[in-house]
Amino acid sequence: MSTQPPRHGGPSAEPERRPAGRPAEGGRAHPPDPDLVAERIARLTTDARVTRRGYLRILAVLSGGLALGNVAVAAGAFRRRTAGATEEVVITDDASVIPVGGAVRFTYPTERDPAVLLRLDDDLFVAYSTICTHLACEVLWRADHSDLYCPCHEGHFSPQTGAPTAGPPIRPLPEIVLEARNGAIVAVGEGRIVEEDTADAE
Amino acid sequence: MPSEPPPPRPLPSVPTTETEEGARTALVTRIIIVVTVILGQLWALTVGLEAFLSGHTTQAWWLAVFSLVSFAVVAALVFLEPAPRSRPRSKLRR
Chain A
4 MSTQPPRHGG
14 PSAEPERRPA
24 GRPAEGGRAH
34 PPDPDLVAER
44 IARLTTDARV
54 TRRGYLRILA
64 VLSGGLALGN
74 VAVAAGAFRR
84 RTAGATEEVV
94 ITDDASVIPV
104 GGAVRFTYPT
114 ERDPAVLLRL
124 DDDLFVAYST
134 ICTHLACEVL
144 WRADHSDLYC
154 PCHEGHFSPQ
164 TGAPTAGPPI
174 RPLPEIVLEA
184 RNGAIVAVGE
194 GRIVEEDTAD
204 AE
Chain B
75 MPSEPPPPRP
85 LPSVPTTETE
95 EGARTALVTR
105 IIIVVTVILG
115 QLWALTVGLE
125 AFLSGHTTQA
135 WWLAVFSLVS
145 FAVVAALVFL
155 EPAPRSRPRS
165 KLRR
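As you go down the protein sequences, you meet chains A and B in turn.
Per my numbering, the very first residue in the first sequence carries number 4; after that it's consecutive.
Per my numbering, the very first residue in the second sequence carries number 75; after that it's consecutive.
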């Protein structure tokens, strides 16, 4: 025959154990049972803890998230310069309106690929993709500092070559090939594009 | 007068099932393995991102596959819990 004591709160709970602070049938308040209070406190603190098994499940969710993130990265969640563009896009019809040290923003080769045209000297124009080669933020032209600046992680690029000069980026900005036609500036292709697949094909 | 043989020594109290401490050790071991695998996934994510931005798309996909396989290992460790070990009584009495 089982000699286990009845559980608290069940139908056969000990009648003398009442919740703390609740008056007895006669309406008279009794001091709380210290054993009952200690047991409830212990149960509350135990329930609040994350068990080892729960921790293991949290780690499994984290692992799944990392795997999904890795697939998203490989599938192209981050913007990157596309290779092999040969479209011709007129950036400006009149290059003379751009002052030395000035810039014109445009998109090339698609509307989703921001770029910038810089006039570094009277007859020196350069254009770069403004997708930062670090983590794909948009790079800004700062005329007062004469550099291309990525505000996300303090990356700096040389306007002469597009090479990184400071900050976390390690790859140069992709260059856009320009042609001057009757005073207009036309983007005719991409120069230095880092794209393994294209390089292998060539 | 012949002396009486000594009484048989009682068997040591060997538990017949896996102890709570053993189960806890197995659980902690699985947690350590899972954390190690997740560190590998973090590495794959950073290298994969760098590879993608460098134009090495194929390498990025291989790293994604590595991460998926790692997740499969983690899921197996978490959800395929082995049954607690038990020892038959007969082997304890020799």
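Just so you know, even glycine gets a beta-carbon here, dropped at the ideal spot from N, CA and C.
Measuring CA to CA, which of the options is closest to residue i?
i                        : options                                : result
isoleucine 61 (chain A)  : B:His130, B:Leu151, B:Thr132, B:Ser128 : B:Leu151
leucine 137 (chain B)    : A:Gly72, A:Ile179, A:Asp116, A:Val103  : A:Gly72
glycine 192 (chain A)    : A:Ser132, A:Ile173, A:Val142           : A:Ser132
threonine 117 (chain B)  : B:Pro80, B:Thr131, B:Ser141            : The question names threonine, but residue 117 (chain B) in the sequence shown is tryptophan. Considering only alpha carbons, the answer is B:Ser141.
glycine 142 (chain A)    : A:Arg122, A:Pro175, A:Asp97, A:Leu181  : The question names glycine, but residue 142 (chain A) is valine in the sequence shown. It is A:Pro175.
glutamate 114 (chain A)  : A:Glu157, A:Val92, A:Gly57, A:Leu123   : A:Val92
alanine 80 (chain A)     : A:Leu121, A:Val40, A:Ile101, A:Cys140  : A:Cys140
valine 148 (chain B)     : B:Gly96, B:Ile106, B:Pro81             : B:Ile106
leucine 232 (chain A)    : B:Arg98, B:His130, B:Leu119, B:Gly129  : Shown here, chain A extends from 4 to 205; a query on residue 232 (chain A) therefore has no answer.
isoleucine 173 (chain A) : A:Cys153, A:Ser99, A:Leu121, A:Asp125  : A:Cys153
aspartate 125 (chain A)  : A:Ala146, A:Ser99, A:Val119            : A:Ser99
alanine 78 (chain A)     : B:Val143, B:Trp135, B:Val139           : B:Trp135
Let's see if you can read the secondary structure: which residues bound the beta strand (DSSP E) around residue i?
i                           : result
glycine 3 (chain A)         : Past the boundaries of the shown model lies residue 3 (chain A); chain A is included only from 4 to 205, so the question cannot be answered.
glycine 158 (chain A)       : 158-160
phenylalanine 128 (chain A) : 127-132
threonine 168 (chain A)     : 167-169
cysteine 153 (chain A)      : 150-153
leucine 181 (chain A)       : 179-184
alanine 118 (chain A)       : 117-124
arginine 145 (chain A)      : 143-145
Identify the continuous alpha helix (DSSP H) that holds residue i and give its terminal residues.
i                     : result
valine 109 (chain B)  : 94-127
valine 74 (chain A)   : 55-78
leucine 137 (chain B) : 131-153
Give the straight-line distance between the Cα atoms of residue i and residue j, rounded to the nearest whole angstrom.
i                        : j                           : result
arginine 104 (chain B)   : valine 76 (chain A)         : 28 Å
glycine 105 (chain A)    : leucine 127 (chain B)       : 29 Å
valine 103 (chain A)     : glutamine 133 (chain B)     : 42 Å
valine 74 (chain A)      : cysteine 135 (chain A)      : 21 Å
glutamate 94 (chain B)   : glutamine 115 (chain B)     : 32 Å
aspartate 97 (chain A)   : leucine 123 (chain A)       : 16 Å
valine 64 (chain A)      : isoleucine 112 (chain B)    : 11 Å
glutamate 124 (chain B)  : alanine 130 (chain A)       : 24 Å
leucine 69 (chain A)     : cysteine 155 (chain A)      : 23 Å
glutamine 163 (chain A)  : valine 108 (chain B)        : 48 Å
alanine 27 (chain A)     : arginine 43 (chain A)       : Low per-residue confidence applies at alanine 27 (chain A): pLDDT is 49, beneath 50, and the placement is therefore not dependable enough to give any value.
alanine 166 (chain A)    : phenylalanine 160 (chain A) : 5 Å
aspartate 36 (chain A)   : valine 53 (chain A)         : 29 Å
isoleucine 101 (chain A) : threonine 168 (chain A)     : 25 Å
glycine 96 (chain B)     : glycine 57 (chain A)        : 18 Å
alanine 45 (chain A)     : proline 34 (chain A)        : 19 Å
leucine 207 (chain A)    : valine 107 (chain A)        : Since the first and last residues shown for chain A are 4 and 205, residue 207 (chain A) lies out of range.
valine 139 (chain B)     : valine 180 (chain A)        : 37 Å
glycine 129 (chain B)    : threonine 120 (chain B)     : 14 Å
glutamate 78 (chain B)   : leucine 39 (chain A)        : 55 Å
glycine 186 (chain A)    : threonine 131 (chain B)     : 39 Å
valine 143 (chain B)     : arginine 83 (chain B)       : 54 Å
alanine 41 (chain A)     : proline 81 (chain B)        : 47 Å
threonine 110 (chain B)  : aspartate 147 (chain A)     : 48 Å
So, are the CB atoms of residue i and residue j less than 7 Å apart?
i                           : j                        : result
proline 117 (chain A)       : glutamate 90 (chain A)   : no
alanine 190 (chain A)       : isoleucine 94 (chain A)  : yes
phenylalanine 145 (chain B) : serine 66 (chain A)      : yes
arginine 55 (chain A)       : leucine 154 (chain B)    : no
leucine 138 (chain A)       : tryptophan 144 (chain A) : no
phenylalanine 109 (chain A) : isoleucine 188 (chain A) : no
proline 177 (chain A)       : glycine 158 (chain A)    : no
| If you scan the region 88-113 of chain A from start to end, which runs of the beta strand (DSSP E) of 3 or more residues do you find wholly inside it? | 92-95, 106-110
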